[in-house]
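Here the working numbering runs 95 ahead of the position in the sequence shown, where the first position is 1. Heads up, the beta-carbon is just placed ideally off N, CA and C, and yes, glycines get one too. For reference, the structure is listed below as structure tokens.
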Amino acid sequence: MKILGIESSCDETAAAVVEDGETVLSSVVASQFSTHGKYGGVVPELASREHLRAIVPVVREALLQAGASFGQLDAVGATIGPGLVGSLLVGLTYAKAICFARKIPLIGINHIEGHIHAVVLEARRAGRPVEFPAVALVVSGGHTHLFEVQEGFHYRLLGKTRDDAAGEAFDKVAKLLGFGYPGGPVVDMLAPYGNPAVVKFTLARMKGNAIDFSFSGLKTAVLRWVQARPMSDEIAVRKELLRRVPRPVREQWLEVTPKATLDLLASFQHTVIEELLRRAALSADTVQARSLIVSGGVACNTGLRAAARSAPLPCPVHFPSPGLSTDNAAMIAAAACAKFQRGEVTPLSVAAQANLTLAS
Ligand code: KG4
Ligand code: ZN
Numbered sequence: 096m097k098i099l100g101i102e103s104s105c106d107e108t109a110a111a112v113v114e115d116g117e118t119v120l121s122s123v124v125a126s127q128f129s130t131h132g133k134y135g136g137v138v139p140e141l142a143s144r145e146h147l148r149a150i151v152p153v154v155r156e157a158l159l160q161a162g163a164s165f166g167q168l169d170a171v172g173a174t175i176g177p178g179l180v181g182s183l184l185v186g187l188t189y190a191k192a193i194c195f196a197r198k199i200p201l202i203g204i205n206h207i208e209g210h211i212h213a214v215v216l217e218a219r220r221a222g223r224p225v226e227f228p229a230v231a232l233v234v235s236g237g238h239t240h241l242f243e244v245q246e247g248f249h250y251r252l253l254g255k256t257r258d259d260a261a262g263e264a265f266d267k268v269a270k271l272l273g274f275g276y277p278g279g280p281v282v283d284m285l286a287p288y289g290n291p292a293v294v295k296f297t298l299a300r301m302k303g304n305a306i307d308f309s310f311s312g313l314k315t316a317v318l319r320w321v322q323a324r325p326m327s328d329e330i331a332v333r334k335e336l337l338r339r340v341p342r343p344v345r346e347q348w349l350e351v352t353p354k355a356t357l358d359l360l361a362s363f364q365h366t367v368i369e370e371l372l373r374r375a376a377l378s379a380d381t382v383q384a385r386s387l388i389v390s391g392g393v394a395c396n397t398g399l400r401a402a403a404r405s406a407p408l409p410c411p412v413h414f415p416s417p418g419l420s421t422d423n424a425a426m427i428a429a430a431a432c433a434k435f436q437r438g439e440v441t442p443l444s445v446a447a448q449a450n451l452t453l454a455s
């Protein structure tokens with residue numbers, strides 16, 4: 096069974112062909128980094144326009160790399176939400192057109208469920224399948240959610256962020272310090288050069304649901320730290336570097352980043368990881384999980400991966416490979432495959448839904 100996946104919820108236009116829910120025949124991602132990088136964040140109008148430009152060549156390339164034609168597809172899985180509605184519309188409308196023309200089913204996918212399936216797909220492929228009940232920590236630029244995942248992919252929300260997502264905190268801190276957008280990869284690259292014990296940030300204490308997250312206090316603490324020091328010159332130097340070199344390499348960043356700032360980055364990242372893993376461990380304990388899934392862009396973070404490997408977690412932890420951690424369409428095709436096998440197809444009248452939830 097071959098399923099074409101299409102993903103366009105934010106700033107990546109992606110298409111992939113997945114066979115039998117576990118073999119990625121192709122996975123093509125067109126990033127809009129060069130469009131949004133200079134604005135320090137995603138500009139929704141520009142994102143939709145870039146999706147329009149990219150969708151046809153990206154889908155064509157995914158089919159080409161998979162050695163498949165439209166006629167060989169059994170279904171198309173497309174992200175229906177959550178995300179930027181103008182961006183979602185491009186991928187979803189294109190998916191509908193293929194389904195209409197080829198008379199094959201459309202399978203609408205929740206983007207967050209896609210992130211979970213990135214792990215399910217790879218774990219199955221590696222012969223170490225995810226065992227249920229599982230806990231899924233989905234950490235990206237838009238989401239920081241903990242779900243219980245029961246057999247058959249039934250979801251229960253355990254906790255979520257009350258303000259910023261973890262990736263958003265990485266992005267905002269990096270932007271504040273002149274490291275550009277997206278911030279996560281740069282902070283990840285530089286954190287090992289700093290001492291995480293130097294800046295002592297307080298961990299968030301949540302009233303009510305202890306499994307909820309909050310990152311706005313940490314972001315404000317970083318802002319206060321920066322405001323209390325004469326950092327404007329070094330920040331200006333980094334912004335200047337970004338104007339000359341859109342994607343500086345490690346050595347270039349290290350040349351313009353004093354030790355105190357590296358310590359700040361390391362301490363910030365350490366605190367985010369601590370917040371994530373504490374609540375993931377608590378959730379896994381609460382539902383007596385047999386697996387912990389960590390997925391979404393922040394799952395690329397090498398510090399988080401290392402900490403999860405050495406943390407006293409009550410069950411095995413699964414991360415997707417970096418290419419399947421950030422937004423991609425293989426995860427959408429994999430999620431679609433599971434739904435297709437259960438006979439869950441989506442009417443072509445389905446609308447893109449900016450605030451679609453996975454579970455409550
Ligand atoms: O899943 P994703 O590609 O898009 C959303 O659904 O949001 O995640 C993008 C987010 C950005 O906030 C980015 O800064 C963060 O993931 N990210 C990272 C790393 N790579 C990407 N955060 C921390 N460490 C990384 N290595
Ligand atoms: Zn995502």
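Within the DSSP secondary-structure output, Asn205 pairs in a beta bridge with Gly176.
Per DSSP, the beta-bridge partners of Ala109 are Glu102 and Val124. In the three-state DSSP reduction, Gly262 falls in the helix class (H, G or I). Ranked by Cα distance from Tyr134, the options Arg338, Leu252 and Glu369 are led by Arg338. The beta carbon of Ala157 sits closer than 6 Å to those of Ala110, Ala111, Val112, Ser121 and Val123, all from its chain and outside the five residues before and after it, given in chain order. In terms of side-chain proximity, the C-beta atom of Thr452 is found no nearer than 8 Å to any non-hydrogen atom of the ligand KG4.
Per the DSSP secondary-structure output, Val171 pairs in a beta bridge with Leu99 and Leu201. For His365, no beta strand (DSSP E) encloses it; the enclosing alpha helix (DSSP H) starts and ends at Lys354 to Thr381. For Leu201, the closest of Ile427, Val137 and Pro353 by C-alpha to C-alpha distance is Ile427. The C-alpha of Asn304 is placed about 18 Å away from the C-alpha of Gln383.
Approximately 5 Å separates the beta-carbon atoms of Ile204 and Gly172; this is inside 8 Å, confirming the contact. If you draw a straight line from the Cα of Ala286 to the Cα of Glu439, it comes to about 44 Å. Lys255 sits in a strand when the DSSP states are folded into three classes. The Cβ-Cβ distance between Phe310 and Thr239 falls below 9 Å. Bounds of the alpha helix (DSSP H) holding Leu399 are Thr397 to Ser405. Here the distance from the Cβ of Gly279 to the nearest heavy atom of the ligand ZN is not below 8 Å. For Glu243, there is no enclosing alpha helix (DSSP H); the residue is part of the beta strand (DSSP E) that begins and ends at Thr239 to Gln245.
For Val234, the uninterrupted beta strand (DSSP E) run begins and ends at Ala229 to Val234, by DSSP.
For Leu99, the closest C-alpha among the options Phe435, Val281, Glu246 and Ala355 is that of Phe435. Taking a cut-off of 8 Å for Cβ pairs, the region 139–158 and the region 406–421 do not touch, as fewer than three such pairs fall below it.
With at least 16 other beta carbons inside 10 angstroms of its own, Ala231 counts as buried. With a cutoff of 8 Å, Ser104 counts as near the ligand ZN, since its C-beta is closer than that to a heavy atom of the ligand. Taking C-alpha positions only, Ser129 is separated from Ala425 by approximately 23 Å. DSSP places Ile306 outside any beta strand (DSSP E), giving it a letter other than H or E.
For the ligand ZN, residues qualifying as neighbours are Ser235 and Asp422, where qualification means a beta carbon closer than 5 Å to at least one of its heavy atoms (chain order).
Here the C-alpha atom of Leu168 lies approximately 12 Å from the C-alpha atom of Ala190.
Glu226 is not a Cβ neighbour of Ser378, given a cutoff of 9 Å.
DSSP places Ser420 in the helix class (H, G or I) of the three-state scheme.
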